[in-house]
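Student: Quick note: the sequence shown uses numbering that gives the first Met the number 0, first residue 0, plus one each step. In this text, a Cβ means the ideal position worked out from N, Cα and C, and glycines have one as well. As the structure is a computational prediction, the values presented were derived from the model and not from experiment. Pasting a structure below so you can have a look.
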Amino acid sequence: MASGAELAGRLEALRAALNSLELTPAPELRTCHVAEEDWANCWKAYYKPVHVGQRLVVKPSWEDYPVVAGELVIDMDPGMAFGCGAHPTTALCLKLLEKYVQDGATVYDVGTGSGILAIASALLGSGRVVAVDHDPVACRTALANIERNGVAGRVKVIQGDLLSSIEGKAGLIVANIIASIIAGLAVDVSKTLVSGGIFIASGIISERGPEVLAALESAGLSVVEQLEDGGWVALVAKANP
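Listed below in structure tokens is the structure:
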């Protein structure tokens, strides 16, 4: 937060909001000064190389990692706004991509964020990947990570709105977003997948899994697999012939 009068006003608003909750005991609001240059770097200490699935390793760009034969290493600089693959929603997607990406396939990554799923798709053998996000910061971060991993020749980044920004069919679509958006996207996914194509959907809290599953099936997709981790669900749906 800013300092001075602006900070005082924000703190007062926070105290008023906390008091309105009528919690017992009353919550206490504490503040401390954090130097901006410290915040710009201290978050990096929490990111370490992460093994996901059988072959994938997600490595922060500032960490050294001795690569083992057969491993596919994703070199990431997520920025302060994105993670490095450890969150269950991302890890579930990576595991499923490892299983379902086919050599030479076209993959669409909807809501790409840091670009991690698009990069994984390329490393796993897809021939063409389109990564889309409405956020320009995400697009810049994704593009930098894609170039860092040497897959810029196969991965295109588009700033736009979900699948409406992409032309053509895909063999696989992956979306790690939220349940309501995935449910609303189901019909477009069904129209965009080739016959027998795969949709991997994550970012779904367990309680909303049935809702998303119903939306996918209503759109003519068949749910063929479901994974859970830490209260999160990932669904795999297949386009019917």
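#1: Pick helix, strand or coil for LYS155, following the three-state DSSP scheme.
#2: Hey, quick one: how far does the beta strand (DSSP E) through GLY170 stretch, first residue to last?
#3: Below 8 Å, how does it come out for the region 126 to 142 and the region 102 to 115: are there three or more Cβ pairs, yes or no?
#4: Is the Cβ-Cβ distance between TYR107 and VAL129 less than 9 Å?
#5: Which residue from ARG127, TRP61 and LEU55 puts its Cα closest to that of VAL67?
#6: Quick check on the burial criterion: 16 or more other C-beta atoms within 10 angstroms. Buried or exposed for TRP231?
#7: At a cut of 8 Å, does the region 175 to 188 reach the region 146 to 159 through at least three beta carbon pairs?
#8: Can you find the residues in the same chain that come closer than 7 Å, C-beta to C-beta, to MET0, ignoring five residues on each side of it along the sequence?
#9: From what residue to what residue does the alpha helix (DSSP H) around SER217 run?
#10: Just to confirm, are VAL109 and LEU161 a CB contact at a threshold of 9 Å?
#11: Tell me where the alpha helix (DSSP H) around ARG139 begins and ends.
#12: Taking only the alpha-carbon atoms, compute the straight-line gap between ARG29 and VAL72 and give it to the nearest angstrom.
Tutor: Result, derived from the coordinates:
#1: On the sequence shown, residue 155 is found 156 positions in, with the first residue counted as 1. Here LYS155 sits in strand by DSSP.
#2: Here residue 170 refers to the residue found at position 171 of the sequence shown. Counting along the chain, the beta strand (DSSP E) containing GLY170 begins and ends at 169 to 175.
#3: yes
#4: Your numbering for residue 107 matches position 108 in the sequence shown. Your numbering for residue 129 matches position 130 in the sequence shown. It is a contact, given that the beta carbons lie within the stated cut-off.
#5: Reading the sequence shown from its first residue, position 68 is the one you call residue 67. Checking every option, the nearest Cα to that of VAL67 belongs to LEU55.
#6: Translated into positions along the sequence shown, residue 231 becomes position 232. Under a 10 Å Cβ-count criterion, TRP231 is classified as buried, with 16 or more other Cβ atoms of the shown protein chains found around its own Cβ.
#7: no
#8: Here residue 0 refers to the residue found at position 1 when the sequence shown is read from its first residue. Per-residue confidence for MET0 stands at a pLDDT of 49, beneath the threshold of 50, marking its modelled position as unreliable; no derived number is given.
#9: Here residue 217 corresponds to residue number 218 of the sequence shown, with the count starting at 1. Start and end: 208 to 217.
#10: Translated into the one-based positions of the sequence shown, residue 109 becomes position 110. Translated into the one-based positions of the sequence shown, residue 161 becomes position 162. Yes, the Cβ-Cβ distance between VAL109 and LEU161 is below 9 Å.
#11: As a first step, residue 139 must be located in the sequence shown, where it is residue number 140. Element bounds for ARG139: 135 to 147.
#12: If you number the sequence shown from 1, residue 29 lands on position 30. If you number the sequence shown from 1, residue 72 lands on position 73. Taking the straight line from one Cα to the other gives about 41 Å.
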